[in-house]
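Counting in the numbering used here, the sequence shown runs from 37 upward without gaps. Glycine included, C-beta positions come from ideal geometry on N, C-alpha and C. Treat the numbers as computed from the prediction; the structure is a model and nothing was measured.
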Amino acid sequence: MYLYNITLQRASGITHAVHGNFSGTKQQEIAVARGKIIELLRPDPNTGKVYTLLTCEAFGIVRSFMPFRLTGSSKDYLIVGSDSGRVVVLEYIPSKNIFEKVQQETFGKSGCRRIVPGQYLAVNPKGRAFMIGAVEKQKLVYIMNRDSQARLTISSPLEAHKSNTLVYHMVGVDVGFDNPLFACIEMDYEDADQDSTGEAARGANQLLTYYELDLGLNHVVRKYSEPLEEHANFLIAVPGGNEGPSGILICSENYITYKNFGDQPDIRCPIPQRKNDLDDPDRGILFVCSASHKTKNLFFFLAQTEQGDIFKINLEVDDDMVTEIKLKYFDTVPVATAMCVLKTGFLFVASEFGNHCLYQISHLGDDDDEPEFSSAMPLEEGDTFYFSPRPLKNLIEVDVLENLSPIMNCHIADFANEDTPQLACLCGRGPGSTFRLLRHGLEVSEMAKSDLPGNPNAVWTVKRNSEEEYDAYIIVSFVNATLVLSIGETVEEVTDSGFLGTTPTLICSQLGDDALVQVYPDGIRHIRADKRVNVWRAPGKKTITKCAVNRRQVVIALTGGELVYFEMDMTGQLNEYTERKEMPADVICMALGRIPANEQRSRFLAVGLADNTVRILSLDPSDCLAPLTMQGIPSTPESLCIVEMGTNEPFPSTDDGESETKPSGGIIYLNIGLINGVLLRVILDPVTGELSDTRTRYLGTRPVKLFRISMQGGEAVLSVSSRSWLSYAYQNRFHLIPLSYEALEYASGFSSEQCPEGIVAICNNSLRIMALEKLGAVFNQISYPLQYTPRKSVFHPDSNIAYIIETDHNSYTDDVKNTHKRQMAERMIASAHDGSAEDMAAAKDSAASLLTESLPEATFGAPKAGQGMWASLLRCLKPLDGTTCQIIRFPQNEAAHALAFVKFNNHPAEQFLVVALVKDLILNPRSCSGGCLRTYRIWDNGERLEFLHETPVDDFPAALCAFQGRLLVGVGNRLRIYDLGKKKLLKKCENKHIPTLINGIYSVGSRIVVTDVQESVHWVRYRPRSDSQLVIFADDTNPRWITHLAVLDASTVAVSDKFGNVVILRLPPNVIDDIEDDPSGNRALWDRGFLGGASQKCEVLCHFYVGEIVTTLQKATLIPGGSEGIVYSTLSGGIGMLVPFASRDAYDFFQHLELHMRAEGLSLVGREHVHYRSQHYPVRNVIDGDLCEIFNSLDGNKQRSIAEEMDKTPSDIAKRLEDIRTRFAF
């Protein structure tokens, strides 16, 4: 078996986010790391939308990165620490839209190791050096400088190692232009390591250590070290030099402390906590991330607690000495991994789980009535300040980046009967969890909808003159009339536009700089800027049947197939050329391309004829309308469109609000829409007019109409069939994706102040104005909220209703939460009994507000109940509209971890749902007081569950599966079969030989596949005839920490483990699974050998390291008529597919391409590709499609070089890459 890995959606969870001027302009960008992906985002300061400039596969795990700016420079570099054993400095090149490796230094082994640097990065604020550190022992300092050509240089590493020392965080201290200084939170474990009693470990303190780089001696010294009072988790550097007092803020449990050298005393302030919080009272509070903002006159910090509350931190400075720390509650947003404050007044929040958000800072919170907490306020030791959380006041949400991370479960099926399957994903954690239905398609924002009189058949937009930025008119054609609408604050009908309103319009366009042209069946109207109208009438009884126009050229086809060509001269006059061309068949469609820059005309005319051919004619004055080339097509053409793609990459805006474009030598494509619903895309040679490299795609059941529109400064094609599709180039890749919208009938580009790049379309006798904002997205999502972390789901086979178990650790059920609230309210009132009447009234008001307050837990978080506290429920949900049919809540500390849909043999007409719950589960070390199996009868086609009975079990029931009319249950490490009884499930047999804990059971025919939490896969055969035995007849040779399994056939399974590997395992062809052949079991016993376990072992067919933890695997088909593949989803929000090769030749071709691409060394972090994909086991029989598809982004010379070595052309390779993707997916 040979497989090809395709990424359908890249990971959406963000692990790191920093901001800087990476493009060298004044505008700031945000660089984010998504595990193995580096991405550059640009927030548009005018609209507040976040655009993706660049997404790069790093082929390595990004562990840390920081922006770095040389002294006196205006451009930031990006320093990346990874699992490559190297540190890399990247520079963003805007003209090429790529990250370029400027420096790469090797210092250690590859992999995420505890003593190899890469986990921590600290940068000197003045841009002279940086420190890269490991979790333990090793720290290296590099000096950065320029050479004579102003190129970045890097020194040899300077060591700052210390044995037996753990590092928690490090930061570059701002000391102006003094010797660079770095601060680290460390812990020395040498004494604890040697003390067997554990006393030294319990008494170990963290140390704050300063490392100084002596630039004169080129040496790093351990300058100073002091123990910390509280356990600290991270440091914040305070601006120094001329901009602040320097020093650091130490964020620790319950406190934030300011420290600096010299006479500066430590300033310590408690971290405020929420009033009336239901959290465990012994639980402290931590800051988890921060952002700083610095201008010439002021600086402040925003720090977020683990509950999501953001505090604004100010330092009172007197004569360069900090006298006071002031904290003020700012707002509450979901807990973030990183925050960035931009100079344009935006706050970017990269959420830990759930959607990422861009907020506008509307107020700095200085003048409101929110209480301010200060280190100068007198407090007893151990006391703290309290505040009341509230909805957003200082922040306004302006944009959302959708994030699937973490995908806990994914199921693929056609829930909506749309032919194309949808993906039902369980995402998120805690109260921010969601059920998301993903459809392949681009999200459409409907800006306006207006019903039209009659039956419109076409629509166009035009500008009055070329100086105008936006369109002036919308022209709508009817069967016997034309309607002209003006575009402004409102859309109104216009009567003096110069257009003929009593006839249908075939096409209209802007002509020249300030004229318009209208083509209608009887002639052509040339409307000048001063409203003068020139009319050309069709000769005799002929009428115009088809036409094509651009800014200077008009071509019409008369009845009988005669072509007439017009071109505008320098005076603005539209002149008819004397040459006419009789075509050999009826003209069905025509197309002209846009006029290239610095040229007079478009050189080619494409004509589609009824004889199933497309012909290219020359428009050069020397051989006007002369045929150049012809291509036969499989069906009658319906529509043609010539576009140039790849010329402009998306650069939304610069400081002055203008749009940037990036020239990259675009390719001219002729798009041919056929009457049978097929789209052909052919390359049109700009010199000879030759047609080559035909690509085919089936779009729908209706004839395909094509419309050229603008998208992010470049040309795109909207293809309208039974479904609408958009073809566009984005980030060096061609995309063809359906629109998640009703089927359109006719469309045109639309540009207005509110919608600069939109679409105006006719749909069901109405005019629609739409915008496409999420270019590059693969899926359109519908999201429905859940209460707890979703664990698993099953779907009703008839109604597709989803049964979801939601379970949260460290959480209260609603009943317990309400009980705690009532008890807290009673204590409030009781404490005020001895006070005055005013105190009593205030206590009653506080108690009432506590009982009635309802801040959304999705934003503000749920109270933390403590270790060993579980809340759980079972939800019945309709996936299409998100309606919850029924919720069954389980008691506190009963946690659902598995469910199964079962039809029992003794009740064949009924359907049952069995849910496995564990009671009082402690995770580490794992223990529980038992468990139970709750059985529910399903009614009303799945919408209602009726509780039948509960069956107690003595261990953790972590897996369930229906099997031959019975139920397989994994109870701890025991595999059991149960049947349905009247009062409980009845145990029929048991196997006790699974090593650790059963976490998955799957059945295929008479075989059972059992996954162990750390001992891979076990194949089991049920022996019902004599003594009802479950016998293990095969297992794996390697331990694997299995997360999910998909059955491919009776002998083959795909498994994923918690380290990010996907493995295909197959039983050998001579495997014996019939226990009757060895009834005594002696043969199996003697065949076990030195490995132990089963006598027969699985074979590894394929092995591949994905780079993210794979949570689900499913064999599925993603497109109508497509082939099956293995679809996987990851904890980071990624979705991919492993697809089989159709032949050995195809595998050999892609294997050679992969070898050539590996030789290019494309990893941004310096990781060897073959080592990366072989992180834990050698990669085997799987081709990395992500690497192969980078071929399309390579420089043309490199593409030709690789293609020549493979005896192919670049277009052959590109076509093979596109074909294998479109055969299985999108």
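Same chain only: Cβ atoms within 7 angstroms of residue i, ignoring 5 sequence neighbours per side
i, result
"ASP656", "ARG639"
"LYS173", "ILE151, HIS197, LYS198, SER199, THR201"
"GLY1125", "Confidence at GLY1125 is low in this model, with a pLDDT of 47, below 50, so its placement is unreliable and the value that follows should be read with caution. If we look at GLY1125 and ignore the five residues flanking it on each side, it has no Cβ neighbours."
"PHE389", "SER441, PRO442, GLY464, ARG465, GLY468"
"ASP507", "THR497, VAL498, LYS499, ILE523, PHE786, SER787, SER788"
"GLY477", "ILE773, PRO774, LEU775, SER776, ASN816"
"ALA945", "none"
Environment of residue i [buried if 16+ CB atoms lie within 10 Å]
i, result
"GLY576", "exposed"
"TRP975", "exposed"
"THR614", "exposed"
"ARG873", "Per the sequence presented here, residue 873 reads as Ala, with Arg not at that position. Its Cβ having fewer than 16 others within 10 Å, ALA873 is exposed."
"GLU635", "exposed"
"ILE958", "exposed"
"ILE745", "buried"
"ALA1239", "buried"
"ALA866", "exposed"
"ASN430", "buried"
"ALA1195", "exposed"
"LYS145", "exposed"
Delimiting residues of the beta strand (DSSP E) encompassing residue i
i, result
"CYS1250", "Sequence check: residue 1250 is Ala here, not Cys. ALA1250 -> not in any beta strand (DSSP E); alpha helix (DSSP H) instead, spanning 1246-1260."
"LEU285", "284-288"
"GLN140", "134-142"
"ASN333", "Counting along the chain, ASN333 falls outside any beta strand (DSSP E), and DSSP gives it neither H nor E."
"ASP435", "431-437"
"GLU674", "673-681"
Residue i at chain B interface by Cβ criterion, 8 angstroms
i, result
"GLN636", "Among the chains of the structure shown, chain B does not appear; only one protein chain is present."
Coil, strand or helix - residue i by DSSP
i, result
"MET413", "coil"
"HIS856", "helix"
"VAL1282", "A query on residue 1282 cannot be resolved here, the shown segment of the chain reaching from 37 to 1262 and no further."
"VAL600", "strand"
"HIS562", "strand"
"PHE770", "strand"
"PHE1185", "helix"
"CYS1134", "coil"
"ILE1238", "helix"
"MET626", "strand"
"ALA994", "strand"
"ASP659", "helix"
Residue range of the alpha helix (DSSP H) that includes residue i
i, result
"LEU1167", "Element bounds for LEU1167: n/a, residue is neither H nor E."
"GLY1221", "1221-1225"
"VAL1206", "1205-1208"
Residues of its chain near residue i, where Cβ-Cβ distance is below 6 angstroms and the 5 sequence neighbours each way are ignored
i, result
"ARG717", "TYR705, ASN707, ARG731"
"SER441", "SER48, GLY49, SER1168, GLY1169"
"THR1007", "Sequence check: residue 1007 is Val here, not Thr. Cβ neighbours of VAL1007 beyond the five flanking positions: VAL989, ASP991, PRO993."
"LYS362", "ASN350, GLU408, SER410"
"MET876", "ALA868"
"TYR820", "PHE471, GLY918"
"ALA484", "ILE805"
Close beta carbons around residue i, own chain, < 8 angstroms, minus the five adjacent residues each side
i, result
"ASP1110", "ARG1057"
"TYR38", "CYS1138, PRO1176, PHE1177, ARG1180, TYR1183, ASN1217, VAL1218, ILE1219"
"LYS939", "GLU946, GLN947, PHE948, ALA998, GLY1001"
Within the stretch 1053-1083, note down every full beta strand (DSSP E) run reaching 3 residues or more, in order along the chain.
Within the stretch 1053-1083, the complete beta strand (DSSP E) runs of at least 3 residues are 1053-1059, 1065-1071.
Residue ranges of each alpha helix (DSSP H) within the stretch 872-913, 4 or longer:
873-888, 893-896
Restricting to runs no shorter than 3 residues, where is the beta strand (DSSP E) found entirely within the stretch 504-568?
509-513, 518-523, 527-529, 543-547, 551-556, 559-563
Could you pull out every unbroken beta strand (DSSP E) segment of at least 3 residues lying fully inside the stretch 39-121, listed in chain order?
Runs of the beta strand (DSSP E) inside the stretch 39-121: 39-45, 52-56, 65-69, 73-79, 86-93, 98-104, 113-118.
With a floor of 3 residues, list each beta strand (DSSP E) that falls wholly inside the stretch 413-498, ordered by position along the chain.
431-437, 443-449, 458-463, 470-476, 481-487, 494-498
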